[in-house]
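Below is one structure, written out as structure tokens; comments come after it.
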Amino acid sequence: MTDSDAPGPVATARPRGHRAYTMLLLAFLIDGVLQIALAGYGTFDLDGRKLDAAGNEAFAAHDMNATLMTVLAVAILVLAVVAREGGRAIGLAALLLVLTVVVQTVLAILGKDTPFFGALHALDGMVVLGVAGFLHVSAVRAQR
Ligand code: HEM
Numbered sequence: 011m012t013d014s015d016a017p018g019p020v021a022t023a024r025p026r027g028h029r030a031y032t033m034l035l036l037a038f039l040i041d042g043v044l045q046i047a048l049a050g051y052g053t054f055d056l057d058g059r060k061l062d063a064a065g066n067e068a069f070a071a072h073d074m075n076a077t078l079m080t081v082l083a084v085a086i087l088v089l090a091v092v093a094r095e096g097g098r099a100i101g102l103a104a105l106l107l108v109l110t111v112v113v114q115t116v117l118a119i120l121g122k123d124t125p126f127f128g129a130l131h132a133l134d135g136m137v138v139l140g141v142a143g144f145l146h147v148s149a150v151r152a153q154r
């Protein structure tokens, strides 16, 4: 290998960023599955109480984990840009952030008065996992 063939700092930075991006997507997926489980926990823990009833902590873990998912989604978008994952991946990472944070929060609020929006909240959760899964599989394939 000649000096000009040796990978420069930019070439080595990308694989490292790509690995971190791939691992973050996996962490997001695992945390997303946990989020579904926490929703199930909250539902069975309601015990006849209203969602907004004083002292009702049934969904506290779900709400807290939503914050962690927000942090992960922001980090995924930043790494998609830094690791130069391409326009499609960056666009889908931005969509992932919007679906996870904005859409889920709005649907959770609307769902309290109109259960239809609660149903959309649950469905959007599946879409969020689907988008993250697609990005993860694409990232793993690009690594090979
Ligand atoms: C990946 C999947 C999901 C994500 C990212 C997600 C995200 C969120 C977010 C951001 C909030 C608002 C939190 C807040 O106001 O502090 C929320 C609340 C809520 N979510 Fe989810 N959610 C998911 C799946 C589900 C599922 C499957 C259900 C099942 C029905 C569900 C039921 C609820 C309920 C009932 C609330 C309101 C809780 C409260 O008022 O304290 N979520 N979720």
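Be aware that the sequence shown starts at 11, since it is given in our numbering, and climbs by one per residue. C-beta atoms are modelled at their ideal positions from N, C-alpha and C, and glycine is treated no differently. All values reported here derive from a predicted model rather than from experimental measurement.
**Prompt:** Can you tell me whether DSSP reads Phe127 as helix, strand or coil?
**Reply:** Numbered from its first residue, the sequence shown carries residue 127 at position 117. Helix, per DSSP.
**Message:** Less than 7 Å between C-beta atoms, sequence neighbours within five positions excluded: which residues of the same chain meet that for Pro25?
**Reply:** Here residue 25 is taken as the residue at index 15 of the sequence shown, counted from 1. Apart from the 5 residues on each side of it in sequence, Pro25 has no Cβ closer than 7 Å to any other Cβ in its chain.
**Message:** Below 8 Å, how does it come out for the region 133–144 and the region 104–111: are there three or more Cβ pairs, yes or no?
**Reply:** With a cut-off of 8 Å, the region 104–111 and the region 133–144 count as touching, because enough Cβ pairs lie within range.
**Request:** On a CA-only basis, which of Ala152, Arg151, His146, Arg154 is nearest Leu34? Give me that one, please.
**Result:** On the sequence shown, position 24 is the one that residue 34 refers to. Considering only alpha carbons, the answer is His146.
**Asked** For Thr32, is the classification buried or exposed, using 16 other Cβ atoms within 10 angstroms of its Cβ as the cut-off for buried?
**Response** For the purposes of this step, residue 32 is identified with residue 22 of the sequence shown, where counting begins at 1. Around the beta carbon of Thr32, 16 or more other beta carbons sit within 10 angstroms, so the residue counts as buried.
**Item:** 3 or more residues per run - each beta strand (DSSP E) lying fully within the region 89–139
**Value:** Fully enclosed beta strand (DSSP E) runs of 3 or longer: not present.
**Asked** Mind checking whether Leu56 and His72 have CB atoms under 7 Å apart?
**Response** The sequence position of residue 56 within the sequence shown is 46, counting from 1. The sequence position of residue 72 within the sequence shown is 62, counting from 1. Taking C-beta atoms as the reference points, Leu56 and His72 fail to come closer than 7 Å.
**Item:** Residue from Leu105, Ala83, Val81, Ile100 whose Cα sits closest to the Cα of Ala90
**Value:** Walking along the sequence shown from the start, residue 90 turns up at place 80. A check of alpha carbon separations from Ala90 across Leu105, Ala83, Val81, Ile100 identifies Ile100 as the nearest.
**Item:** Coil, strand or helix - Arg26 by DSSP
**Value:** Walking along the sequence shown from the start, residue 26 turns up at place 16. If DSSP states are grouped into helix, strand and coil, Arg26 belongs with the helices.
**Request:** Within the same chain, show all residues whose beta-carbon is closer than 7 Å to that of Asp41, passing over the 5 residues directly before and after it, in chain order.
**Result:** On the sequence shown, residue 41 is found 31 positions in, with the first residue counted as 1. Cβ within range, chain order: Asn75, Leu78, Met79, Leu82.
**Request:** For Ala64, count neighbouring Cβ atoms within 10 angstroms of its own Cβ and tell me buried if that reaches 16, exposed if not.
**Result:** On the sequence shown, position 54 is the one that residue 64 refers to. Label assigned to Ala64: exposed.
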